[in-house]
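This report concerns only the one structure given below.
In the numbering used here, the protein residues as written are 6 to 678.
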């Protein structure tokens, strides 16, 4: 039975000092932050900009807009609204053929859309599908048809409304197709609308394959709750959520995809040239392609000779992924702290979006009592920047935070070697050699250790004798070598540390160390092996307490000999460091602002400083939330854009002058060209 006796007198004294109070506040705050977040909520009605103007979900609606009513009055068709919808649409089609105009084409599209909803409400799905299809065809004609190119006015509000009609009618039609189980990439079908036959092919664009799609959801069905900002672009198309298939795959990156991973998609229906008229049947045959685009790859397309922006949403699919129960279970931060052994099955590098060989990886490493969830605000905001979205992909390292940080650093080295071997076994992809690491708190120490040259210095903290002279099982010796002998990873070009205790934290005091030893359950096999090693090598080991450090809290003590050695160790000549320091705002209400002093509440200002940093800023914020602050996210954004600037200048020295500090180049091309 585990003992929870009070600490001895020597440990009880710190209970009343400031660092203990800060530690208690931290633990209480962290405990509150580790609860499950509901990232999305299902809407009662799909979200559409047409809802209010057309009164789609009102008991009085749906009703035509004022512009359509004016058109109907102009041609004496107002009284036909309550009659047969097909007759009214046929009369408007005659007007379009005799005297085509923007107003007539738009009115047809809107009325077909409205009557499609009415038919659907009455249970007439086939008629509803026909009407939605007619609305898509006429709104497409309004926006992109050659007949209206002279009179089309993009400054007319009707133009934007026609875009909404195209998107809304296409979405309504796709919902019917999805309910029939036919909304699948790689499939084709014939759709009959009136006297028209549409040959429809569903195609993927970009790096996706049909087998990557397990299911498709509609973005408009969900409201994002767990993210502060919502990133969308406006144009044509239907934003979708594609749920990634986790079946057997020949994609080596698939084993790194997070459980429940979803990715953003925009569906655009393109009418292809070359329609055929069959005189025998009197039917017109058209060829269409439903194109599924990845908004992380592109947010615009070309139709004919026109540039067409896509309607996209990258935040809702992210929130949908984060809401997946399997994903949330894997990211249970408390288990990673208190029981590292049980967290090893989910430890590793995770990708929340499909791997793209044309983008530079940014690896984010969380801190104590945390998980990759902690990065979601920064991840969402950084992906909202087109230059970053076009050139970077984001990876995340999940690890058990109860173990000493240098053990986690050793495991990350192995993980980075493995993922490189899996996705680029011949080391031919230069983008993977431009990696940027971003670490928060203890994650900053883990990240920095990836860029250091150990020599014998770290081992000499334990013993002055060669490591091969130690009597221990081979497995334990290999673990010691991995943890204390290492080289800089040449693929890592920059490291950004945020609120990192480079010189330790007073939070790791006698009381919190005692508490962590009582709560954190390290693998018994590990602790027994260390005890045996010390028994059999007592004459060779000069610093037994260092090997006895078996929790992350112990490893962060200001008295740890590893921390000053990390600051003085040789570094890779290629790597550059950037540092963000937090200071609690003393004017903020609450106890933390009164007792924090010159710190972020956990890490003192001087401990968080980094002398060899190329850039360093101090911002207001507490330790737990500093990486979610706008100023911290903007600083990481600046660093990533600067990295692109300098890389572009190196690759094109004759074409591009060396950028000046602080001057950003917008819309950089993706690497490599």
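Don't be surprised by glycine CBs; every beta carbon is placed ideally from N, CA and C.
Predicted model, so just to flag it, every value in this text is computed and none were measured.
For a test of the three-state rule: what should DSSP assign to residue i, helix, strand or coil?
i: residue 564; result: coil
i: residue 364; result: coil
i: residue 278; result: strand
i: residue 383; result: helix
i: residue 164; result: helix
i: residue 353; result: strand
i: residue 425; result: helix
i: residue 610; result: helix
i: residue 268; result: strand
i: residue 463; result: helix
i: residue 260; result: helix
i: residue 37; result: Residue placement at residue 37 is poorly supported in this model, since its pLDDT is 44, which falls under 50; the coordinates still yield a value, given next. Helix at residue 37.
i: residue 477; result: coil
i: residue 615; result: coil
i: residue 632; result: helix
i: residue 546; result: coil
i: residue 188; result: coil
i: residue 373; result: coil
i: residue 157; result: coil
i: residue 290; result: strand
i: residue 525; result: Here the model assigns residue 525 a pLDDT of 39, short of 50, so the residue's position is not dependable, and the following value carries that caveat. Three-state DSSP puts residue 525 in coil, outside helix and strand.
i: residue 232; result: coil
i: residue 573; result: helix
i: residue 194; result: strand
Over the uninterrupted alpha helix (DSSP H) stretch that includes residue i, give me the two end residues.
i: residue 646; result: 635–656
i: residue 130; result: 130–149
i: residue 111; result: 107–126
i: residue 620; result: Not the alpha helix (DSSP H): residue 620 falls in the beta strand (DSSP E), residues 620–625.
i: residue 495; result: That residue, residue 495, is in no alpha helix (DSSP H); it is neither H nor E in DSSP.
Going along the chain, which residues of its own chain have a beta-carbon closer than 6 Å to the beta-carbon of residue i, five neighbours each way excluded?
i: residue 4; result: In the structure as shown, the chain begins at 6 and stops at 678. Residue 4 is therefore absent and cannot be evaluated.
i: residue 658; result: none
i: residue 452; result: 370, 442, 444 and 500
i: residue 90; result: 120
i: residue 541; result: 476
i: residue 362; result: 434
i: residue 510; result: 561, 607 and 608
i: residue 399; result: 367 and 384
i: residue 302; result: 211
Terminal residues of the continuous beta strand (DSSP E) containing residue i?
i: residue 322; result: Here residue 322 belongs to no beta strand (DSSP E); instead the alpha helix (DSSP H) covers 320–327.
i: residue 218; result: 218–223
i: residue 208; result: 201–209
i: residue 440; result: 440–445
i: residue 302; result: Unbroken run through residue 302: none, as it is neither H nor E.
i: residue 247; result: 243–249
i: residue 583; result: 581–588
i: residue 228; result: 227–229
i: residue 313; result: 311–314
Beta-carbon within less than 8 Å of residue i's beta-carbon, same chain only, minus the 5 sequence neighbours each way: which residues are those?
i: residue 161; result: 107
i: residue 472; result: 464, 482, 485, 486, 489 and 490
i: residue 324; result: 44, 45, 227, 229, 230, 231 and 232
i: residue 611; result: 508 and 603
i: residue 459; result: 489, 490, 491, 492 and 574
Using a Cβ-Cβ cutoff of less than 7 Å, which residues in the same chain neighbour residue i once the five nearest sequence positions on both sides are dropped?
i: residue 113; result: 94, 97, 98, 101 and 143
i: residue 257; result: 427 and 428
i: residue 35; result: Here residue 35 scores only 47 on pLDDT, less than 50, and its place in the model should not be relied on; the value that follows carries that caveat. Closer than 7 Å at Cβ, skipping near neighbours: 374 and 629.
i: residue 110; result: 101, 143, 146, 147 and 153
i: residue 249; result: 217, 219, 262, 266, 267 and 268
i: residue 177; result: 121 and 137
i: residue 497; result: 440, 442, 455, 456 and 580
i: residue 134; result: 178 and 181
i: residue 618; result: 582, 583 and 584
i: residue 449; result: 502, 503 and 505
Taking only heavy atoms of the ligand COA into account, decide whether any of them is closer than 7 Å to the Cβ of residue i.
i: residue 59; result: Within the structure as shown, the ligand COA is missing, as the structure has no ligands at all.
### Query
Does the segment 204–215 come close enough to the segment 180–195 that 3 or more CB-CB pairs lie under 8 Å?
yes
### Query
Using 8 Å as the threshold, is the segment 42–49 in touch with the segment 217–230, meaning 3 or more CB pairs across them?
yes
### Query
Of all the alpha helix (DSSP H) runs that stay within the bounds of the segment 43–91, which reach a length of 4 or more residues?
55–59 and 71–79
### Query
Looking at C-beta atoms only, is the number of pairs between the segment 291–298 and the segment 156–172 that lie closer than 8 Å three or more?
no
### Message
Taking 8 Å as the cut-off, does the segment 78–86 touch the segment 208–216 (at least 3 CB pairs, one atom from each stretch)?
### Response
no
### Task
Mind listing, in chain order, the continuous alpha helix (DSSP H) runs of no fewer than 4 residues lying wholly within the segment 386–417?
391–396
### Query
Taking one C-beta from the segment 440–447 and one from the segment 356–376 each time, how about it: are there three or more such pairs within less than 8 Å?
yes
### Message
I'd like to know if the segment 379–386 and the segment 454–470 are in contact, where contact means that at least 3 CB-CB pairs between them fall below 8 Å.
### Response
no
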